[in-house]
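K.L.:
Have a look at this one.
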Amino acid sequence: MWQFSEIAIFIDNEIWAAAVDALIISLFATMIIKKYYIKPIEEYGKKYISERPEYMLSQDIYKHSSQAFIVVDDEWNTVFHNSAFDIMCDINDDTATFSIKDLLKTHSVLRDIKENLSLSKSWGGALDLISLKGRVFPARLSITASSPLETDTVFFIIHIVDITTSIQRNNHIEYLMNYDPATSLPNQLSFSHHLDSLQDRLKEGAIDGYVVAIYRIVGFSRLCDLYGKESIYSILAEMGLNIGNYIGEKSIACLGNHEVAAAFTYYDMDELIHKLVKIGKIISSEYEIKNGTLSSDYCCGYYTVNGIEENTVSTNKAMLALHNSTHENNTRITAFSDTMMEDADSHERLRAILKLAVDQMAFEIVYQPQNSIHDNSLVGVEALLRWKQDDGTYISPAIFVPLLEKMGVIYEVGLWVLRESCLQGKQWLDEGIPPFNIAVNVSAMQLLNENFPRDILETLSKTHFPPQLLELELTESCMIEDPSAAEDLMCDLAAIGVKVAIDDFGTGYSSLAYLERFSTMDKLKIDKAFVDMICTGKESAITNAIISMAKSLNLKAIAEGVENEEQLLYLKQHGCDQIQGYLISKPLSAVEMARFACLNNKEHPKVAVI
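Numbers 1 to 610, taken from UniProt numbering, label the letters of the sequence shown in order.
Encoded structure:
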């Protein structure tokens, strides 16, 4: 509040107020009051005004001001109101007189305002006003008490600002701060406020505890690619609405594209599990989409809070449980345990060491032979990435490869593997070793990178490795994540002579229609899980189907993980073309692989242990 003499003008970042000298306001008020109620202005007033002729314009200034002004007497009846006020309050007659009470929803507030004015001569605040047409709108009022010269009569000068737009803007900003714009569900900030309220109730003893649960929609990115983000976000919004109807609107939040959080109280563990499962069923229910229905899978991690705890701690523990959950079998819903924290600490240490390894590309590449099932000759190798520790032990690729993906460096590491494999292949050729294919695995990040085809060409050019000896292995899940990108890449590879194999076939979306789309591929690779089941007979039908599918499309079929003669015999009888596994050889170093190639180019032994 800026105060000059008897006038108070309120200015803040929401309201534009005229920067007018308070003396002008006082003199203008005095002139108006004198004109209508008091004898002509005393000589002092005349003399002062004649010395300051600009103040003679004050009445016209206020009459035509874009700011709304009104002058009332001590009974709140109008003495003067300008055109801006008339427009604001839907007044058609600028000579009309009325009481300010006619504009207020609540008359009792005038008593408090008058009492305040008697003490401080000014008052400012926000009230709801009613126009003469009955339109209700919020307004900011600045009221100043003023008395004519040498009189005890009191009048009130009121400056009014319609703050409807300002409130709407503030409400919109508050909405954006607390709700996810894509789904209109409460966001993380809103969820944090809900957790604050649960903590307050816990401290007061109103509740014994509550649970924080985080659900992840499996394959969310793939669903967005297949059906469009707008459609999937619409379904996510419907899911959230249904969950909110079940546990309360404020109890749910959208934490990101594919994660939904919930926090609620429960009586016992039976009710807790029942609610967690019920929410899961809501997520996995069928939803209408593009003339059909869609049902998505989920996994969930949860943490029960029974004491004073920071919101970030409880949320992080639920998130940690989520990372340990899986959508398969009976581990969809996973509770937090202290061992997870220890694993997380170990994970962070591993991440730090892995970052150093990436910076120095301190990895190894080993090569596992692939042989023809018909004449036992060597037809190719698969390049496999290995990470050796200082103590001589190796960390499983199943652990560090997903970590490379999370760190966002899998593309760089994948290119390094491609380059090193091509260099090694060229060296073997230069040493006179008969040619064979080198298969290199391709990650989803490589497949989706628009620069990947160019990087392949550049690698082949720099290493002088023949394109027809390079084979890239793409997983089913990788290809289905973006079928168009996979199809484009395969066409580019076919144009330069590079072969393509579908890795881990049979574990994902295997179908003849799906395979026919990728007409330029060369090989199907039967997953080890199916090869392991051959002897039991449980998965023989799937293996047979994959081999038959490959034959119908004129593709080679290769089985990985072949470890015994019985498996070899079965695969040979059913028309499999190639095999890979410990029956032939374990993965070998480059030097060992060169020796193996020389010994097994035309005929390989039943079992070769190197």
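Beta carbons: idealized from backbone N, C-alpha and C, even for Gly.
The model shown is predicted, which means the values in this text are computed figures rather than measured ones.
Kindly give me the distance between the Cβ atoms of Ser-325 and Thr-334, rounded to whole angstroms, as I take these residues to be in contact under 8 Å.
P.N.:
Position 325 of the sequence shown holds residue 325. Position 334 of the sequence shown holds residue 334. Right, the Cβ-Cβ distance comes to about 4 Å (below 8 Å), so this counts as a contact.
K.L.:
Do Ser-540 and residue 613 come within 8 Å of each other at the CB atom, strictly closer than that value?
P.N.:
Because the chain in this structure spans residues 1 to 610, residue 613 falls outside the shown range and cannot be described.
K.L.:
Under a three-way DSSP split, which group does Val-358 fall into?
P.N.:
Sequence index remark: in the sequence shown, residue 358 carries index 358 (1-based). Three-state DSSP puts Val-358 in a helix.
K.L.:
Based on the DSSP output, what are the partners of Phe-220 in its beta bridges?
P.N.:
Position 220 of the sequence shown, counting from 1, holds the residue named residue 220. Partner(s): none; Phe-220 has no beta bridge.
K.L.:
Which residue comes first and which comes last in the alpha helix (DSSP H) that contains Ser-421?
P.N.:
Taking the sequence shown and counting its residues from 1, the one referred to as residue 421 is at position 421. Taken as a continuous stretch (DSSP letters only), the alpha helix (DSSP H) holding Ser-421 covers 410 to 430.
K.L.:
Specify whether the region 372 to 381 and the region 566 to 576 touch according to this definition: at least 3 beta carbon pairs, one from each stretch, less than 8 Å apart.
P.N.:
With the cut-off at 8 Å, the region 372 to 381 and the region 566 to 576 touch.
K.L.:
From His-159 to Leu-127, what distance separates their C-alpha atoms?
P.N.:
The residue labelled residue 159 in the question sits at position 159 within the sequence shown. The residue labelled residue 127 in the question sits at position 127 within the sequence shown. Those two C-alpha atoms are separated by around 13 Å.
K.L.:
Along the alpha helix (DSSP H) that carries Leu-163, what are the first and last residues, could you check?
P.N.:
On the sequence shown, residue 163 is found 163 positions in, with the first residue counted as 1. Contrary to the premise, residue 163 reads as Ile rather than Leu in this sequence. Ile-163 -> no alpha helix (DSSP H), and no H or E assigned at all.
K.L.:
Only counting runs of 4 or more residues, tell me where the alpha helix (DSSP H) segments fall wholly within the region 303 to 334, in order along the chain.
P.N.:
Those alpha helix (DSSP H) runs which fall completely within the region 303 to 334 and span 4+ residues are 311 to 323.
K.L.:
What is the rounded straight-line gap between the Cα of Glu-286 and the Cα of Pro-402?
P.N.:
Here the question's residue 286 lines up with position 286 in the sequence shown. Here the question's residue 402 lines up with position 402 in the sequence shown. Whole-angstrom Cα-Cα distance: 31 Å.
K.L.:
If I follow the unbroken beta strand (DSSP E) through Ala-237, where does it start and stop?
P.N.:
Within the sequence shown, numbered from 1, the residue matching residue 237 stands at position 237. From DSSP, Ala-237 is part of no beta strand (DSSP E) but of the alpha helix (DSSP H) over 229 to 247.
K.L.:
Which of the three DSSP states is assigned to His-193 in this structure?
P.N.:
Stepping through the sequence shown from its first residue, residue 193 is reached at position 193. Helix, per DSSP.
K.L.:
Grab the span of the beta strand (DSSP E) containing Gly-209 for me, first residue to last.
P.N.:
Your numbering for residue 209 matches position 209 in the sequence shown. It is not in any beta strand (DSSP E) - Gly-209 carries neither H nor E in the DSSP assignment.
K.L.:
So, using beta-carbon positions, are Val-305 and Tyr-266 closer together than 8 Å?
P.N.:
Looking up residue 305 in the sequence shown gives position 305. Looking up residue 266 in the sequence shown gives position 266. Not closer than 8 Å, so no.
K.L.:
Confirm, please, whether the CB-CB distance from Ala-383 to Tyr-394 is below 8 Å.
P.N.:
Taking the sequence shown and counting its residues from 1, the one referred to as residue 394 is at position 394. Taking the sequence shown and counting its residues from 1, the one referred to as residue 383 is at position 383. No. Outside cutoff.
K.L.:
If you count every other CB in all the chains shown that lies within 10 Å of the CB of Lys-275, and 16 or more means buried, which is it?
P.N.:
Your numbering for residue 275 matches position 275 in the sequence shown. It counts as buried.
K.L.:
Helix, strand or coil, according to DSSP, for Tyr-367 in the structure here?
P.N.:
Sequence index remark: in the sequence shown, residue 367 carries index 367 (1-based). Here Tyr-367 sits in strand by DSSP.
K.L.:
Within 10 angstroms of its Cβ, does Phe-398 collect 16 or more other Cβ (buried), or is it exposed?
P.N.:
To locate residue 398, count along the sequence shown from 1; it is residue 398. The question names Phe, yet the displayed sequence has Ala at residue 398. That one is exposed.
K.L.:
Note down the Cα distance separating Ala-529 from Phe-505, rounded to an integer number of angstroms.
P.N.:
As a first step, residue 529 must be located in the sequence shown, where it is residue number 529. As a first step, residue 505 must be located in the sequence shown, where it is residue number 505. Taking the straight line from one Cα to the other gives about 10 Å.
K.L.:
Go ahead and pull the three-state DSSP assignment for Leu-583.
P.N.:
As a position in the sequence shown, residue 583 is number 583, starting the count at 1. Coil at Leu-583, not helix or strand.
K.L.:
Rounded to whole angstroms, how far is the Cβ of Ile-207 from the Cβ of Ala-261, which I believe are closer than 8 Å?
P.N.:
For the purposes of this step, residue 207 is taken as the residue at position 207 of the sequence shown. For the purposes of this step, residue 261 is taken as the residue at position 261 of the sequence shown. Incorrect: roughly 18 Å between the Cβ atoms, too far for contact.
K.L.:
Run through the DSSP bridge pairs and tell me what Val-379 is partnered with.
P.N.:
What you label residue 379 is simply residue 379 of the sequence shown in a count that begins at 1. According to DSSP, Val-379 bridges with nothing at all.
K.L.:
Could you tell me the alpha carbon to alpha carbon distance between Leu-110 and Ser-190, rounded to whole angstroms?
P.N.:
Here residue 110 refers to the residue found at position 110 when the sequence shown is read from its first residue. Here residue 190 refers to the residue found at position 190 when the sequence shown is read from its first residue. Taking the straight line joining both Cα atoms gives about 37 Å.
K.L.:
Where does the unbroken alpha helix (DSSP H) through His-81 begin, and where does it stop?
P.N.:
Taking the first residue of the sequence shown as position 1, residue 81 is located at position 81. That residue, His-81, is in no alpha helix (DSSP H); its beta strand (DSSP E) goes 78 to 81.
K.L.:
Is the separation between the beta-carbon of Gln-580 and that of Glu-560 shorter than 8 Å?
P.N.:
In the sequence shown, the residue the question calls residue 580 occupies position 580. In the sequence shown, the residue the question calls residue 560 occupies position 560. A contact, by the Cβ cut-off of 8 Å.
K.L.:
Which residue or residues does DSSP assign as beta-bridge partners of Glu-471?
P.N.:
Here residue 471 refers to the residue found at position 471 when the sequence shown is read from its first residue. In the DSSP output, where bridge partners are listed per residue, Glu-471 has Ala-439 and Lys-499.
K.L.:
Return the chain-ordered list of same chain residues with a C-beta closer than 7 Å to the C-beta of Ala-237, the five sequence neighbours on each side being excluded.
P.N.:
Position 237 of the sequence shown, counting from 1, holds the residue named residue 237. Contacts found: Thr-183, Ser-184 and Leu-185.
K.L.:
Alpha carbon to alpha carbon, how far is Thr-164 from Asp-73?
P.N.:
Here the question's residue 164 lines up with position 164 in the sequence shown. Here the question's residue 73 lines up with position 73 in the sequence shown. Using only the alpha carbons, I get a separation of about 27 Å.
K.L.:
Could you tell me the distance, in whole angstroms, from the CA atom of Lys-114 to the CA atom of Glu-75?
P.N.:
Against the sequence shown, residue 114 aligns to sequence position 114. Against the sequence shown, residue 75 aligns to sequence position 75. Distance between the alpha carbons of Lys-114 and Glu-75 is about 10 Å.
K.L.:
Could you work out which residue in Leu-132, Ser-131 and Phe-156 is closest to Leu-117 when comparing CA atoms only?
P.N.:
Locating residue 117 in the sequence shown gives position 117, where the first residue counts as 1. With distances taken between Cα atoms, Leu-117 lies closest to Phe-156.
K.L.:
Run the CB neighbour count on Glu-566, radius 10 Å, all protein chains shown included, and call it buried at 16 or more, exposed below.
P.N.:
By one-based count along the sequence shown, residue 566 stands at place 566. Under this definition Glu-566 is an exposed residue.
K.L.:
Given a threshold of 16 other Cβ atoms within 10 Å of its Cβ, counted over all protein chains shown, does Met-361 qualify as buried or as exposed?
P.N.:
Translated into the one-based positions of the sequence shown, residue 361 becomes position 361. Label assigned to Met-361: exposed.
K.L.:
Less than 8 Å between the CB atoms is what I'm expecting for Ile-438 and Ser-461, so what's the real figure, rounded?
P.N.:
On the sequence shown, position 438 is the one that residue 438 refers to. On the sequence shown, position 461 is the one that residue 461 refers to. 16 Å between Cβ atoms; not a contact.
K.L.:
Please classify Ala-321: is it buried, with 16 or more other beta-carbons within 10 angstroms of its beta-carbon, or exposed?
P.N.:
What you label residue 321 is simply residue 321 of the sequence shown in a count that begins at 1. With 16 or more Cβ atoms within 10 Å of its Cβ, Ala-321 is classed as buried.
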